[in-house]
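Under our numbering, the first residue of the sequence shown carries the number -16, and numbering increases by one thereafter.
No residue lacks a Cβ here, since even glycine has one placed at the ideal position from N, Cα and C.
In what follows, a structure is listed as structure tokens, so that the remarks can point back to it.
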Amino acid sequence: MKVLLTTLLALATLSSVRADEMAAYLMAYFKDDTHSLYFALSSDGYSFTDVNGGELVMDGEDLGEQRGIRDPHIARDPEGNFYLSMTDLHIYAQREGHRDTEWQRDGDRYGWGNNRALVLLKSKDLVEWKKTNLRIDRAYPGLEDIGAAWAPQTVWDEGRQCMMLYYTMRFGNAPNRLYYTHMDAAFTRMTARPELLFKYPKDVSYIDADIMKVGDRFHMFYTPHDGTPGIKHASSASISSGYAYEPEWIDPVDVACEAPNLWKRIGEDRWVLMYDIYGRQPHNFGFIETTDFKSWTNLGTFNHGVMRATNFSIPKHGSVVHLTKAEADHLARHWKLERY
């Protein structure tokens, strides 16, 4: 009881957290074989340990309309609230007996993996979560015929003092593009109709945006399907507009990759870009690092370089957020993880 009270008091004092209080890293990811959510902790940003021994922490069957989730993204706001955003999609639902057809709707009309919903969760302590299944096609007039809504992410919008939600969307079976909106305080509904976030100069699909503010610039990484899918960068002085197209590919691999996620090394002016290399089997996360967003150092992949996954393998589409020591210890204690 004393340990529990101490932890709760520590968490209570962090109602408004500062960057200098951060001491650990939390990775959220999913696996293709379960379409469920997983967590891994790290104290140094190099070695990550799954909190549940490589087993799921939330079952996709309980989360999604399609009885599965993909593409989890975790973020936090300045007050210490955590936000999980996920694609409501199970690409093997027919095989698993969850539906009679390959996709929710006609594949010729709506394309690969067609879905209509996102799974949104909000928490104060990373253990208890409040869930919303957000049907994009019902959110605003004109969205009824969307073909897909994938890879949602959130970022704190300082100007609006709320979370900005951005994600991949297409209409019918047209190319996928990046859209954004803003969310209410409860993280249950959009407060504005989604608008185009960025326009790629070619009429191809571009997906999986990731946005972080560094100094006075917003850095966005995304995946265009312009030949072999890979990672490109754009930046802007505004969170939701003005991203300048840059033609260079920044990932160092020669096979398809996606799902970029940028995170800062705590206490250092270095940033790591993590991405999902799905063009190789078994698939793995790749990592590159920068100090200036112009030149990048290749860190390799999990367990083939300086980055380590100690007790899990084959992660898909991950994201990383900073935690305080109290938050990380609270999560580890909940899952009976002795060391991370």
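Option in the options with minimal Cα separation from residue i
| i | options | result |
| --- | --- | --- |
| Pro177 | Glu251, Ile52, Gly213, Met152 | Met152 |
| Ile119 | Ala217, Ala23, Met69, Val138 | Met69 |
| Leu67 | Gln87, Leu46, Ile233 | Leu46 |
| Asn286 | Tyr183, Ile233, Lys277, Ile297 | Ile297 |
| Phe13 | Ile249, Glu38, Thr174 | Glu38 |
| Gly210 | Leu161, Cys240, Ala175 | Cys240 |
| His216 | Asp16, Tyr189, Asn64 | Tyr189 |
| Gly90 | Ala131, Ser30, Leu180 | Ala131 |
| Tyr150 | Ala134, Asn156, Lys114 | Ala134 |
| Tyr323 | Asp16, Asp108, Asp3, Tyr29 | Tyr29 |
| Lys247 | Tyr261, Thr273, Pro61 | Thr273 |
| Glu127 | Glu85, Leu104, Lys114, Asn97 | Asn97 |
| Leu179 | Met195, Phe154, Arg200 | Phe154 |
| Asp186 | Tyr205, Pro212, Ala157 | Ala157 |
| Asp54 | Thr280, Asp252, Asn244 | Asn244 |
| Arg121 | Asp83, Glu251, Met173 | Met173 |
| Ala195 | Glu231, Leu104, Glu251, Leu256 | Checking the sequence, you will find Met at residue 195 rather than Ala. If we check each option's Cα against that of Met195, Leu256 comes out closest. |
Same chain only: Cβ atoms within 7 Å of residue i, ignoring 5 sequence neighbours per side
| i | result |
| --- | --- |
| Val304 | Leu9, Ile57, Ala58, Arg59 |
| Arg50 | Gly43, Glu44, His73, Ala76, His81 |
| Asn116 | Glu48, Asp71, Ala100, Val102 |
| Asp3 | none |
| Val236 | Ile260, Gly269 |
| Trp139 | Asp60, Pro61, Met146 |
| Arg88 | Asn97 |
| Asp191 | Ala134, Thr151, Tyr205, Thr206, Glu241, Ala242, Pro243 |
| Thr84 | Gln77 |
Sub-7 Å separation of residue i and residue j beta-carbons
| i | j | result |
| --- | --- | --- |
| Ile249 | Met5 | yes |
| Leu282 | Phe295 | no |
| Phe31 | Ala311 | no |
| Val110 | Gly63 | no |
| Lys299 | Asp108 | no |
| Ile214 | Tyr183 | no |
| Ala11 | Ser278 | no |
Beta-carbon contacts of residue i that lie in its chain and below 6 Å, excluding the five residues immediately before and after
| i | result |
| --- | --- |
| Ser106 | Phe65, Trp112 |
| Trp318 | Val34, Asn35 |
| Leu306 | Ala7, Leu9 |
| Leu320 | Val34 |
| Thr280 | Glu272 |
| Pro364 | The structure shown does not extend to residue 364, since the chain is modelled only from -16 to 323, so the question has no answer here. |
| Ser25 | Tyr8, Phe31 |
| Trp86 | Asn97 |
Inter-residue spacing [alpha-carbon to alpha-carbon] between residue i and residue j
| i | j | result |
| --- | --- | --- |
| Thr137 | Leu148 | 5 Å |
| Val197 | Met203 | 11 Å |
| Asp275 | Glu79 | 46 Å |
| Ala324 | Ala315 | A query on residue 324 cannot be resolved here, the shown segment of the chain reaching from -16 to 323 and no further. |
| Thr(-4) | Val238 | For Thr(-4), the predicted model reports a pLDDT of 37, less than 50, meaning its position is unreliable and no value from the coordinates is stated. |
| Asp27 | Tyr123 | 43 Å |
| Ala227 | Ala242 | 20 Å |
| Ala7 | Asp193 | 21 Å |
| His18 | Trp95 | 17 Å |
| Ile233 | Thr171 | 35 Å |
| Leu161 | Phe181 | 6 Å |
| Ala175 | Arg92 | 27 Å |
| His313 | Arg253 | 27 Å |
| Pro207 | Ile129 | 20 Å |
| Asp199 | Glu229 | 19 Å |
| Lys(-15) | Leu20 | For Lys(-15), the predicted model reports a pLDDT of 37, less than 50, meaning its position is unreliable; a value from the coordinates is still stated below. Cα to Cα, the separation comes out at about 31 Å. |
| Leu324 | Phe22 | The structure shown does not extend to residue 324, since the chain spans only -16 to 323, so no value can be given for it. |
| Lys114 | Asn159 | 26 Å |
| Gly288 | Glu251 | 20 Å |
| Ile52 | Glu231 | 31 Å |
8 Å CB neighbourhood of residue i in its chain, flanking five on each side removed
| i | result |
| --- | --- |
| Leu(-13) | With a pLDDT of only 40 at Leu(-13), under 50, the local geometry of the prediction cannot be trusted, and no value is derived from it. |
| Thr284 | Ile260, Asn267, Phe268, Gly269, Phe270, Met290 |
| Gly125 | Arg176 |
TODO: Determine, using beta-carbon pairs with one atom in the segment 157 to 171 and one in the segment 137 to 145, whether at least three such pairs fall under 8 Å.
DONE: yes
Task: Cβ contact check for the segment 219 to 226 and the segment 265 to 273: 3 or more pairs under 8 Å - done: no
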